[in-house]
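Residue numbers (the working numbering): 4 to 319.
Report on one structure; see the data block that follows.
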Ligand code: ING
């Protein structure tokens, strides 16, 4: 029987690096109110939804770098978002940059949390696939220094039973890797929520610039179809601190079809009724992993081709 969850993709236009957190949170709440009016149960915000995407520039000063991170969640600037959500009875996924001191030393992560309709943080994910480099690239119009500013996520790809279904999180570059969806697919995920900051120009691979939007949707549509799950991908888009970023936030069905899409490069809410029961027909037929996957053969095939173990290191 149908299990509809109404999901809103809350796409964000640029966040100027001078825009105070409070003003950004007011933008998030405005979109939450619009989503609520459209009947949404859950609002999906983008990656690094509280600040400009600072990995695009070189930062020497530690205090400046830390100014883009949250020491607590919710903190004074984000508490109003949690209060508004609880008042409206709506859940949300928020991407932000996390300062963690739980191990006794300062650690920085590119993080996403899942908050239920009572305002409780039911899930946290830290970005695993960090693109870019650790050193400055002279001559590039902008940098990608995620490997310099963040540690690799240490929480895996969990799936939580909440708000009527099995839900998982990912962040930006994660969406390009099949393992991201499959590790959650093996846990029965029905709704993957992710955000992205993706420039229209890739200085390291300029020949693919005209394929940016295609690769964006290709990655998420494949992940949805091959794991029988809904996928919601939400952009931070438009020209942010001189970097032009793609939009086309979308909501994708387990069939791989895009059922809702943003069409501007600014704050915009797109909503769809996601019947989580539509996952079943894929999970129980063409992608019934128990019946059709042959993991015992993948190792043999890869050994024969000399490509190493299916989950191990790629050949150099
Ligand atoms: N950004 C980009 C992404 O994976 C990138 C990196 C840019 C990849 C352009 C390809 C082309 O969408 C983040 N933040 O991961």
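Heads up, the beta-carbon is just placed ideally off N, CA and C, and yes, glycines get one too.
Looking at C-alpha atoms only, which residue of the options is the closest neighbour of residue i?
i, options, result
"residue 11", "308, 233, 304", "233"
"residue 13", "78, 38, 219", "38"
"residue 148", "118, 228, 136, 140", "136"
"residue 227", "191, 145, 202", "191"
"residue 160", "202, 27, 201, 117", "117"
"residue 132", "23, 180, 145, 68", "180"
"residue 109", "59, 75, 120", "75"
"residue 128", "174, 91, 107", "174"
"residue 43", "28, 157, 272, 23", "272"
"residue 16", "151, 239, 48, 249", "239"
"residue 87", "231, 28, 242, 183", "28"
"residue 68", "102, 81, 114", "102"
"residue 126", "97, 107, 61", "97"
"residue 24", "80, 47, 57", "80"
"residue 231", "122, 257, 172, 47", "257"
In or out: residue i buried (at least 16 other Cβ within 10 Å) or exposed?
i, result
"residue 31", "buried"
"residue 124", "exposed"
"residue 295", "exposed"
"residue 293", "exposed"
"residue 4", "exposed"
"residue 267", "exposed"
"residue 143", "exposed"
"residue 63", "exposed"
"residue 195", "buried"
"residue 115", "buried"
"residue 309", "exposed"
"residue 242", "exposed"
"residue 224", "buried"
"residue 307", "exposed"
"residue 121", "exposed"
Do you know offhand how far residue i's Cα is from residue j's?
i, j, result
"residue 185", "residue 246", "32 Å"
"residue 55", "residue 304", "45 Å"
"residue 229", "residue 290", "7 Å"
"residue 286", "residue 166", "20 Å"
"residue 112", "residue 288", "38 Å"
"residue 70", "residue 100", "10 Å"
"residue 341", "residue 176", "The requested residue 341 is not part of the displayed model; the chain covers only 4 to 319."
"residue 188", "residue 59", "32 Å"
"residue 212", "residue 50", "21 Å"
"residue 298", "residue 134", "28 Å"
"residue 138", "residue 222", "27 Å"
"residue 7", "residue 154", "36 Å"
"residue 119", "residue 93", "7 Å"
"residue 269", "residue 200", "13 Å"
"residue 130", "residue 158", "9 Å"
"residue 83", "residue 18", "19 Å"
"residue 183", "residue 107", "29 Å"
"residue 259", "residue 163", "22 Å"
"residue 89", "residue 78", "16 Å"
"residue 48", "residue 255", "16 Å"
For chain C, check one thing: does any of its Cβ atoms lie closer than 8 Å to the Cβ of residue i?
i, result
"residue 145", "Going by chain labels, chain C is absent from the structure shown, which holds only one protein chain."
On the premise that residue j lies in contact with residue i, defined as a C-beta separation below 8 Å, what is that separation, rounded to the nearest angstrom?
i, j, result
"residue 244", "residue 20", "6 Å"
"residue 95", "residue 35", "7 Å"
"residue 73", "residue 53", "7 Å"
"residue 193", "residue 282", "5 Å"
*Counting pairs of Cβ atoms below 8 Å between the region 216-228 and the region 267-280, do you hit three or more?*
Flag = no, the region 216-228 and the region 267-280 do not touch.
_Quick test of the definition: if touching needs 3 or more C-beta pairs under 8 Å, does the region 158-175 touch the region 205-214?_
Contact fails: fewer than three Cβ-Cβ distances are below 8 Å.
*asked:* Any contact between the region 251-271 and the region 234-243? By contact I mean 3 or more CB pairs, one from each, below 8 Å.
replied: Output reads yes: the region 234-243 touches the region 251-271.
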